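K.L.:
If you scroll down you'll find the structure; I have some questions about it.
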Amino acid sequence: MMRVWSSEHVFSHPWDTVIKAAMRKYPNPMNPCVVGVDVLERSVDAQGRLHSLRLLSTEWGLPGLVRAVLGTGRTMTYVQERSVVDPAEKRMELCSTNLTLTNVVSVSERLVYTPHPENAGRTVLTQEAVITVRGIGLGSHLEGLMVSTIASNAKKGWAAIEWIIENPERAVS
Amino acid sequence: MTSESAAAAAAAAAMNSVGEACTDMKREYDQCFNRWFAEKFLKGDGSGDPCTDLFKRYQQCVQKAIKEKEIPIEGLEFMGHGKEKPESSS
Numbered sequence: 001m002m003r004v005w006s007s008e009h010v011f012s013h014p015w016d017t018v019i020k021a022a023m024r025k026y027p028n029p030m031n032p033c034v035v036g037v038d039v040l041e042r043s044v045d046a047q048g049r050l051h052s053l054r055l056l057s058t059e060w061g062l063p064g065l066v067r068a069v070l071g072t073g074r075t076m077t078y079v080q081e082r083s084v085v086d087p088a089e090k091r092m093e094l095c096s097t098n099l100t101l102t103n104v105v106s107v108s109e110r111l112v113y114t115p116h117p118e119n120a121g122r123t124v125l126t127q128e129a130v131i132t133v134r135g136i137g138l139g140s141h142l143e144g145l146m147v148s149t150i151a152s153n154a155k156k157g158w159a160a161i162e163w164i165i166e167n168p169e170r171a172v173s
Numbered sequence: 001m002t003s004e005s006a007a008a009a010a011a012a013a014a015m016n017s018v019g020e021a022c023t024d025m026k027r028e029y030d031q032c033f034n035r036w037f038a039e040k041f042l043k044g045d046g047s048g049d050p051c052t053d054l055f056k057r058y059q060q061c062v063q064k065a066i067k068e069k070e071i072p073i074e075g076l077e078f079m080g081h082g083k084e085k086p087e088s089s090s
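Top to bottom, those sequences are chains Y and H. Each residue of the first sequence is one higher than the one before, counting from 1 in the UniProt record's numbering. Each residue of the second sequence is one higher than the one before, counting from 1 in the UniProt record's numbering.
Here it is in structure tokens:
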């Protein structure tokens, strides 16, 4: 069982500003669940693009009932994020997938930041998520929960980028 | 905001590493990287990464933490798995 969610958001800041904030997104007050960020690999390719592989540690604080149903006592989940930044083309793409609870649900997200085609002072973020719930029974309810969680997290993510842009001295990660 | 409270806020707000022992190395590397990224890389000068030594030390620490916590990272060479998927432990 699979569900797809997508959206587009425009930031009123130029691409360079948004990308610098995106690279230093955590910590921020909108995503308190992300408690750890690590860079596992990083390199610049022959075309001058920066490739990074990062590990995000998240504490969802899942409600007890959800944890009981998922059959896990573990509260820490891990997400793997690959990104490519092309400074010449002005394009940043990120792909993330969960590494834990994969026997229950897979969430893959893709984010692409590009300058607004009509206004260099703005940046477009297109975002999509694919949610695949494994097994039967819990399926559509969990999917629905995941979709609304992703949608609300996306809004928090946009607010987080804005916060980082406006609070550069507070953003240290 | 006074400079002490700004520093305290920054320290309190800073991010941790998956390996508790790696957090200081991570923060040092991140500072180096963020500076290079903003001042060199985005301006078209992607050569000469000044952070490689910091990164190596930080990496060694993180690799150890990932193994200890058995986090299933896909396709990472240092895990010794190459292209094969590790057994899922979750």
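Ideal Cβ placement from N, Cα and C applies to all residues, glycine included. If you're wondering where the values come from, they're calculated on a predicted model, not measured in any experiment.
Quick one: list the residues of chain H neighbouring S57(Y), beta-carbon separation under 7 Å, in chain order.
P.N.:
Numbered from its first residue, the first sequence carries residue 57(Y) at position 57. V18, listed in chain order.
K.L.:
Quick check on D86(Y): does DSSP put it in helix, strand or coil?
P.N.:
What you label residue 86(Y) is simply residue 86 of the first sequence in a count that begins at 1. Looking at D86(Y) - three-state DSSP - the assignment turns out to be strand.
K.L.:
Would you mind reading off the limits of the alpha helix (DSSP H) that contains F41(H)?
P.N.:
The count along the second sequence starts at 1 and reaches residue 41(H) at position 41. Careful: F41(H) lies outside any alpha helix (DSSP H) and carries neither H nor E.
K.L.:
Could one say the Cβ of A8(H) lies closer than 8 Å to chain Y's Cβ atoms, at least one of them?
P.N.:
Against the second sequence, residue 8(H) aligns to sequence position 8. Note that A8(H) scores a pLDDT of 40, beneath 50, so its modelled location is shaky; the value from the coordinates is reported in the next line. False, the Cβ-Cβ gap to chain Y never drops below 8 Å.
K.L.:
Check whether the Cβ of G48(H) lies closer than 8 Å to any Cβ atom in chain Y.
P.N.:
Counted from its first residue, the second sequence places residue 48(H) at position 48. Not closer than 8 Å to any Cβ of chain Y, the Cβ of G48(H) fails to qualify, so no.
K.L.:
What number of angstroms, rounded off, separates the C-alpha of V112(Y) from the C-alpha of Q127(Y)?
P.N.:
Numbered from its first residue, the first sequence carries residue 112(Y) at position 112. Numbered from its first residue, the first sequence carries residue 127(Y) at position 127. V112(Y) and Q127(Y): Cα-Cα distance of roughly 6 Å.
K.L.:
Throw me the rounded Cβ distance for the F41(H) and L94(Y) pair, which I believe falls under 8 Å.
P.N.:
By one-based count along the second sequence, residue 41(H) stands at place 41. By one-based count along the first sequence, residue 94(Y) stands at place 94. Going by Cβ atoms, the distance from F41(H) to L94(Y) rounds to 16 Å, so no, they are not a contact pair.
K.L.:
With burial defined as no fewer than 16 other Cβ atoms inside 10 Å of the residue's Cβ, what is the status of R24(Y): buried or exposed?
P.N.:
One-based indexing of the first sequence puts residue 24(Y) at position 24. Buried, since its Cβ has 16 or more Cβ neighbours within 10 Å.
K.L.:
Sort M2(Y), C33(Y) and T17(Y) by Cα distance to K156(Y) and report the nearest one.
P.N.:
Numbered from 1 along the first sequence, position 156 holds the residue referred to as residue 156(Y). K156(Y) has its Cα closest to that of C33(Y), out of M2(Y), C33(Y) and T17(Y).
K.L.:
Any idea if T52(H) is buried or exposed, counting beta-carbon neighbours within 10 angstroms, 16 or more meaning buried?
P.N.:
Stepping through the second sequence from its first residue, residue 52(H) is reached at position 52. Exposed, because fewer than 16 other Cβ atoms sit within 10 Å of the Cβ of T52(H).
K.L.:
K85(H) to V18(H), Cα distance in whole Å?
P.N.:
What you label residue 85(H) is simply residue 85 of the second sequence in a count that begins at 1. What you label residue 18(H) is simply residue 18 of the second sequence in a count that begins at 1. Confidence at K85(H) is low in this model, with a pLDDT of 43, below 50, so its placement is unreliable and no value can be given for it.
K.L.:
May I ask which residues mark the beginning and end of the beta strand (DSSP E) holding Y113(Y)?
P.N.:
Here the question's residue 113(Y) lines up with position 113 in the first sequence. Note, Y113(Y): beta strand (DSSP E), V105 to H116.
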